[in-house]
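Below is one structure, written out as structure tokens, with a few remarks after it.
2 protein chains.
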Amino acid sequence: MTDARPTLPAWLAAGRPEAEIRGLMAAGGHCHGARLGENMAVTSNPDDDNAQAGPIATRRRGAELETAILDAAWDQLIADGYEHFTIDAIAARAKTSKPVLYRRWKTREDLLRATVRHRGAADPPVLPDTGSLRGDLLALLATANSGRNPLVALLSSMVGSYYNRSGPTPAELRFAFLSQRGSSVQEVIDRAVERGEVDPARLTPRIIDLPFALFRHELMMTLKPVPDHVLRQIVDDIFLPLVTARPPAG
Amino acid sequence: MTDARPTLPAWLAAGRPEAEIRGLMAAGGHCHGARLGENMAVTSNPDDDNAQAGPIATRRRGAELETAILDAAWDQLIADGYEHFTIDAIAARAKTSKPVLYRRWKTREDLLRATVRHRGAADPPVLPDTGSLRGDLLALLATANSGRNPLVALLSSMVGSYYNRSGPTPAELRFAFLSQRGSSVQEVIDRAVERGEVDPARLTPRIIDLPFALFRHELMMTLKPVPDHVLRQIVDDIFLPLVTARPPAG
DNA sequence: ACTTTAAGAAACTGCCTTGTATCTTGACAT
DNA sequence: ATGTCAAGATACAAGGCAGTTTCTTAAAGT
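Chains A and B, in that order, give the protein sequences.
Each residue of the first sequence is one higher than the one before, counting from 0 in numbering that gives the first Met the number 0.
Each residue of the second sequence is one higher than the one before, counting from 0 in numbering that gives the first Met the number 0.
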């Protein structure tokens, strides 16, 4: 096994049109990174323009180049996963060369962080106005859902090497751990139902999973142990009000 | 920059006592992996047992060896992050050698998946019984919180290279993206309050974040777009009942 | 026109890692 | 005791990648 491209789900790659086709770059290609054996630099060679749309050499500088690189880096991260987030690959994708990157960022990890920050700064959100809270919220969620969620894209590309195609399963990550503990919550809730503590009519699978869903979310967001007061908020402010028996709303 | 050990938060490393100190392995060390230049194999050299507790060579086989390797692999993943999840490092940690691993798993990624599966199968949960749903739930959460959560440990070690010490921030991952969108939800809710749709008394920061928290959780768990009916469940079954004005519970 | 700055191409060092091959030796069965 | 099989040690080939250096050349300022 030498190279097995991860190739994340296509929907993740959406939201960035392969950087921008840069200014005057001609159609033909001039793709480097794919070793073009000899020095084909434009050393005062007038043949260039008769060879069917010879690439008119242009050269980006400063901020323009920098955002192009950061866009390319993000593309690379999403397209091939963190394992292929290499300086060479990024330089090739940005159609520039390694020293250009090293002049700006000392290490690969610096570039990674800059890439994430750059991407986070983009995409100003749009505010829906449907006239109802429900409609507004669903619209917001739908927008976040439509491919370009950078947070999850980042996570996915990091975890990519685990769940690659042809691997055992994608959802295994969740399932291998959760299957047995799911029954713990179920058991605890069943006992509460017997005691009359909760209204069985309000119990859906999603609500039963709610406490641990919020717990996992908190843990994944902070990567630190969850403080006790947060656990109490989850239970007291969110879960218990939802499942506790009470008179029907007016 | 040559080597910069990630070293995840200590609380993650808990829950596995450095594999097991294997059977008859003597205390002294015999640590390999740290290149011991010469061939110190036990080639009928009677000096072994007078040299202060010379390691009595033992040799694990079959299933025993296999679980030892998988434990070591998990330790390695947690201790040094996925970037250092190398066959060499794992073999060294398991006090065996590379061919032994390659006889069992064809590639490094096979071993990764086997490791995660192995770890997922361990740790049967304990059922608390405090007499109340609230107490039981808090106990369950506290257990999950006490260090040994393999799901988050896995995620952390994967994302490790991003949030290394001396990096810009650990919470930046969440913050860079969320800061601006957080205000979108706030805005949408503010308008709903003005319309009298929601009870402002029920709004806490955590409840305001709830819809997107659940959305992100779903996305991170499935690594797929969230189906519409799930979005509706989040809004209709969980969020709206919590914030909609209603008569106080009986 | 001339100078300065940085982009871009290429080669190179050095390290690390994957994956394999070889050989010795311990564990176990008969 | 003896044979078989796998553990364990080591060496090795091949390739990938980080980071650097050198040099050429385009772009921008004066």
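C-beta: ideal position from N, C-alpha, C; glycine also.
All values derive from a computational prediction rather than experimental measurement.
Your pair L111(A) and Y161(B) checks out as a contact, with CB atoms roughly 6 Å apart and the cut at 8 Å.
Rounded to whole angstroms, the separation of the alpha carbons of F238(A) and A113(B) is 35 Å. Collapsing the DSSP output to three states places V115(A) in a helix. In this structure, P240(B) is the residue among P240(B), D70(B), E65(B) with its C-alpha nearest to the C-alpha of V197(B). Inclusion of P199(A) and N144(B) in the CB contact set at 8 Å is not warranted, their separation being larger than that value. In the structure shown, V197(B) adopts extended strand secondary structure according to DSSP, grouped into three states.
Residues of chain A with a Cβ closer than 9 Å to the Cβ of R205(B) are, in chain order, L213, V229, Q232, I233, D236, I237. Between the region 83 to 99 of chain B and the region 56 to 74 of chain B, the count of C-beta pairs closer than 8 Å reaches three or more; the two stretches touch.
Closest option to T129(B), judged by alpha-carbon separation, among R194(A), M220(A), D208(A), P226(A): R194(A). Shortest Cα-Cα distance from Q232(A) to any of L137(B), R215(B), D236(B), F211(B) involves L137(B). E82(A) is the residue among I68(A), P210(A), P127(A), E82(A) whose C-alpha sits nearest the C-alpha of V158(A). Apart from the 5 residues on each side of it in sequence, R118(A) sits with its Cβ closer than 6 Å to the Cβ of W73, P149 in its chain, given in chain order. Listed in chain order, the non-local C-beta contacts of D135(A) below 6 Å within the same chain comprise P127, T129, local neighbours out to five positions each way being set aside. S155(B) reaches chain A at L222, counting residues in chain order whose Cβ is nearer than 8 Å.
The C-beta of E65(B) comes no closer than 8 Å to any C-beta of chain A. With a threshold of 8 Å between beta carbons, V99(B) makes no contact with chain A.
Per DSSP, the beta-bridge partners of T243(A) are V197(A). Close to E186(A), with beta-carbon spacing below 7 Å, are these residues of chain B in chain order: L126. Close to chain A, meaning a Cβ-Cβ distance shorter than 7 Å, are the following residues of the region 93 to 122 of chain B: T106, E108, L111, R112, V115, R116, G119. Among the residues facing chain A, E196(B) is included, as its CB has a counterpart in that chain under 8 Å away. Taking 8 Å as the cut-off, the beta carbon of L222(A) is found closer than this to the beta carbon of S155(B).
Listed along the chain, the chain A residues whose CB falls inside 9 Å of the CB of L202(B) amount to none; the nearest CB is some 11 Å away. The beta carbon of A191(B) is closer than 6 Å to those of V197 in its chain, skipping five residues each way along the sequence. DSSP places Y101(B) in the uninterrupted alpha helix (DSSP H) bounded by 97 to 101. Looking only at A62(B), M219(B), F214(B), the smallest Cα-Cα distance to V229(B) is reached by F214(B). When DSSP states are grouped into helix, strand and coil, L222(B) belongs to the coil group. Looking only at R116(A), L202(A), V151(A), the smallest Cα-Cα distance to G80(A) is reached by V151(A).
Interface annotation, D189(B): not in contact with chain A, CB-CB separation never under 8 Å.
With a cutoff of 8 Å on beta-carbon distance, R201(A) and V234(A) are scored as not near each other.
Here E217(A) is buried. Its C-beta has 16 or more other C-beta atoms within 10 Å.
Judged by beta-carbon spacing, V115(B) lies beyond the 8 Å limit of T142(B), meaning their Cβ atoms are not closer than that value. Ranked by Cα distance from P98(A), the first of I86(A), D109(A), R133(A) is I86(A). Residue state for N144(A) is assigned as helix, using DSSP reduced to three classes. The alpha carbon of L64(A) has as its nearest neighbour, out of F211(A), F84(A), R103(A), I206(A), the alpha carbon of R103(A). Residues of chain A whose Cβ lies closer than 7 Å to the Cβ of D135(B) are, in chain order, V187. Under the three-state reduction of DSSP, G130(A) is assigned to coil, being neither helix nor strand.
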